[in-house]
Structure formats: structure tokens, C-alpha cells
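Colleague: Okay, so the first sequence: first residue is 466 according to the working numbering, each after it adds one. C-beta: ideal position from N, C-alpha, C; glycine also.
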Amino acid sequence: MPELPEVETVPNRVDARVRGQRIGSVWLSRYKEPFKTSRTEMADALAGLRIERVRREGKHIVFDLSSGGCSHQITAQWVVHLGMTGRLLVLSPELPVEKHTHASLALSGGRELRFVDPRRFGRLAFYRLLIAADSFPGPGREPLTIAKDDFIALFRGRKLSIKAALLNQTLLHGVGNIYADESLFRAGIRPTRPAGRLSPARLLRLREALQHVLREAIARGGSSVSDYVDANGEKGLFQLEHRVYMRTGQPCVTCGKLIQRTVIAGRGTHYCLHCQR
DNA sequence: AGAAGGACCTGCACGC
DNA sequence: TGCGTGCAGGTCCTTC
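1. Look at G687 and P476 and say whether their C-beta atoms are less than 9 Å apart.
2. Quick check on the DSSP output: the alpha helix (DSSP H) that includes Y644 runs from which residue to which?
3. Please report how far the alpha carbon of L738 lies from the alpha carbon of C720, in whole angstroms.
4. To which residues of the same chain is P583 closer than 7 Å at the C-beta, ignoring the five residues directly before and after it?
5. Taking the alpha helix (DSSP H) that E473 falls in, what are its first and last residues?
6. Can you tell me which of L636, A510 and R478 puts its alpha carbon nearest to the alpha carbon of G489?
7. Which of helix, strand or coil does DSSP assign to T635?
8. With which residues is F528 paired in a DSSP beta bridge?
9. How about V479 and I526: are their beta carbons less than 9 Å apart?
10. Tell me E577's beta-bridge partners as DSSP assigns them.
11. Which first and last residues belong to the alpha helix (DSSP H) in which Q741 is found?
12. How should R579 be labelled, buried or exposed, when 16 other C-beta atoms within 10 angstroms of its C-beta is the threshold for buried?
13. I'd like to know whether the C-beta atoms of R658 and I627 end up nearer to each other than 9 Å.
14. Just the C-alpha distance for R662 and I617, rounded to the nearest angstrom, thanks.
15. Tell me the DSSP secondary structure of I726 in three-state form.
16. Just to confirm my understanding: we take E647, look at its own chain, exclude 5 residues before and 5 after, and list those with CB closer than 7 Å. What are they?
17. Taking buried to mean at least 16 other C-beta atoms within 10 Å of its own C-beta, is F620 buried or exposed?
18. Using CA atoms only, rank isn't needed, just tell me which of R521, F591 and T540 is closest to V472.
19. Looking at the secondary structure, which residues open and close the beta strand (DSSP E) in which T734 lies?
20. Taking the C-alpha atoms as reference points, what is the distance between G641 and S531?
21. Is the CB-CB distance between A568 and V491 below 9 Å?
22. Who are the Cβ neighbours of A590 in its own chain at under 6 Å, not counting the five residues just before and after it?
23. Mind checking which residues open and close the alpha helix (DSSP H) that includes L668?
24. Between which two residues does the alpha helix (DSSP H) containing F616 stretch?
25. Compare the C-alpha of R504 against each of E563, Q704, R588 and L723 and name the closest.
26. What number of angstroms, rounded off, separates the C-alpha of A652 from the C-alpha of V718?
27. By a C-beta neighbour count over all protein chains shown, 10 Å radius and 16 as the cutoff for buried, is V728 buried or exposed?
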């Protein structure tokens with residue numbers, strides 16, 4: 466499912482339904498071992514903590530947790546990465562447990578928070594915070610707020626293609642395959658161009674295009690390709706605005722030439738040979 | 001050190 | 001109908 470705009474909608478809606486609630490019993494499937502802690506350690510540590518806030522950090526969903534005292538001090542974080550097919554659901558415990566459910570947290574409000582991930586590319590992690598500065602920062606810079614100069618500096622001297630650079634989460638976090646292709650089309654940049662060879666002016670156009678596409682997609686509830694739905698089961702609408710992504714062989718909306726497909730960094734890459742130079 | 005490519009999974013659409 | 005192939009919103013690890 467998820468790139469920044471899809472992930473953005475999830476914590477907003479989950480937050481509204483779980484904020485202030487205490488985590489009760491925790492069940493975890495034999496999913497892959499969580500990052501840096503064991504499965505049983507994570508389950509034990511989560512039980513009893515209060516959810517103070519749920520928010521997005523790159524493509525990660527961060528649950529800020531307190532021990533439940535009056536101070537509301539954040540002492541731990543539960544971090545969920547949805548991978549390709551992960552979903553977070555807040556449901557009545559009576560509802561049947563869906564196939565590929567890997568985590569289920571009982572909440573004091575009476576509902577259950579469930580993590581479902583058929584393809585198992587997602588990831589769970591638990592962090593204990595000794596000082597607030599340890600707070601989970603995400604791997605790279607935030608594309609929606611990065612300053613112009615910082616954006617240009619990210620790509621300086623890099624030989625890899627601009628498409629691969631956009632997908633690299635240690636540079637910018639949150640950009641995935643759809644919005645990399647869509648922003649490169651809107652900026653008129655060929656995805657194969659070496660990132661370090663693009664002029665500052667072209668990089669600034671890319672920054673504008675990327676931010677525009679991401680904001681637009683957030684406003685439309687993300688892109689629903691195949692079966693993506695958010696925590697409320699609602700579909701996004703941004704897929705209607707896709708100009709190149711998954712439009713191989715269809716006419717370019719600008720020039721009418723056929724959209725091409727190639728593979729960059731192992732990912733399907735869609736572009737217009739005529740409009741992107 | 002940076003970059004490329006395979007590995008990890010299930011499910012679906014397609015063609016034979 | 002059924003099977004094989006290729007493709008899918010993402011990282012992560014190994015190799016060069």
C-alpha cells in the first residue's frame with residue numbers, strides 16, 4: 466500500500482480512535498522478529514502503556530507511549546512500518562481475525578488494534594526512551610518541509626539515477642515508487658538522469674513537483690491501487706491523478722506519445738520519453 | 001563508500 | 001479449470 470500520503474492518513478485516523486487509551490493484553494503472530502527486541506519482550510513491554518499520540522515519521526507510524534502517570538511523559542515508542550501490504554485496523558474484538566493478522570493489541574476503550582500484512586514486508590519495533598532526544602527520527606529528511614538549499618545538497622555528487630535517489634530513504638523518507646514517478650513527470654526530468662548532474666534549477670522544480678504531488682495525494686486520501694484502504698476502510702482517490710504510474714502504453718496527457726516502462730533500482734519506472742529529458 | 005541486484009513474501013491478472 | 005509467469009505501494013543484505 467503505502468507511501469507518504471497513504472501512511473499520512475493512517476496515523477491521523479488511528480490517533481483519533483486510540484489516543485489516551487491503555488494497552489491491555491498483546492498477541493503477536495510468529496511474524497518476523499521485531500527490530501532490536503524479541504517478540505515476547507515487545508509484547509510484555511507494550512502491555513500497560515498508554516497511547517499518547519500516533520503520528521507519521523517518513524513511512525513509519527510512531528505510537529508515542531507513556532507509563533500512564535499524570536506527567537504524560539513519553540517513555541517508549543512502538544513503530545510500525547506497513548511494508549507493501551500492511552494495514553492497521555481498530556475494530557471490535559468480536560469481529561473475526563482476518564487472515565495474515567500479525568499483531569492484536571487490546572485497548573482500554575474496548576476495541577482492538579490489529580496489524581494485518583499478507584506479504585510480510587512490514588516491520589514492528591519497540592524503543593524505550595531514556596531521554597526525549599532518543600525519539601524515533603525516521604531515516605531521512607522530510608520531503609514536505611525540507612528547505613530548498615538542503616534539497617539541492619542531498620543530491621550533490623551522487624552518481625545514482627534521480628529515481629533511485631528519490632527512493633533512497635536515508636536521503637528523503639516517505640517517497641516511494643508512485644510519487645517518485647509522478648513527481649519526475651511533473652518536473653519534466655528523465656528518471657535515469659544521474660542525480661548529481663541535475664542543475665539546482667531543475668532540482669528546485671523537482672522539489673516543487675514532489676511537494677505538490679504529495680500534498681495533493683494527502684488531500685485525496687492517498688492512491689488506491691488494487692485493494693488499499695485506510696483504517697476506516699476508505700479508498701483514496703489520487704490514483705485518478707496518476708499521469709505516468711502504471712500507464713505504460715497509454716498516451717501522455719501532455720504530448721500524446723506513449724508512456725514507457727523500464728526498471729530502475731529494481732522498480733517499475735514509468736515516464737514520457739518526450740516530456741522528460 | 002556508494003551503487004546494483006537478489007532475497008524476502010503472498011496474491012492477483014494474464015495467457016496457454 | 002488449472003497451472004505457470006510476471007508483476008505489485010518496500011526495505012535489507014550481499015557483492016562489487
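Modeller: In this structure, then:
1. No, they are not a contact pair.
2. DSSP places Y644 in the uninterrupted alpha helix (DSSP H) bounded by N642 to A652.
3. Using only the alpha carbons, I get a separation of about 10 Å.
4. Answer for P583: T550 and H565, listed in chain order.
5. It spans L469 to V483 - the alpha helix (DSSP H) in which E473 sits, taken as one unbroken run.
6. That would be A510, whose Cα lies nearest to the Cα of G489.
7. Looking at T635 - three-state DSSP - the assignment turns out to be coil, as it is neither helix nor strand.
8. Beta-bridge partners assigned by DSSP to F528: V519 and W543.
9. A contact, by the Cβ cut-off of 9 Å.
10. Paired residue(s): L556 and A571.
11. For Q741, no alpha helix (DSSP H) run applies, since DSSP gives it neither H nor E.
12. Per the 10 Å Cβ criterion, buried.
13. A contact, by the Cβ cut-off of 9 Å.
14. In this structure, the alpha-carbon of R662 lies about 11 Å from that of I617.
15. Per the sequence shown, residue 726 should be read as Arg rather than Ile. R726: strand per DSSP, three-state reduction.
16. The residues are V678, H707, R708, V709 and Y710.
17. Buried.
18. For V472, the nearest C-alpha among the options comes from R521.
19. If you look at T734, you'll find it in the beta strand (DSSP E) that goes R732 to Y736.
20. CA-CA distance, G641 to S531, rounds to 32 Å.
21. In this structure, A568 lies near V491, with their beta-carbon atoms less than 9 Å apart.
22. Here the set comprises P499, F500 and V544.
23. Its alpha helix (DSSP H) spans residues P665 to A684.
24. If you look at F616, you'll find it in the alpha helix (DSSP H) that goes K613 to F620.
25. Closest option to R504, judged by alpha-carbon separation, among E563, Q704, R588 and L723: R588.
26. Looking at the two C-alpha atoms, the distance is approximately 14 Å.
27. V728 should be labelled exposed.
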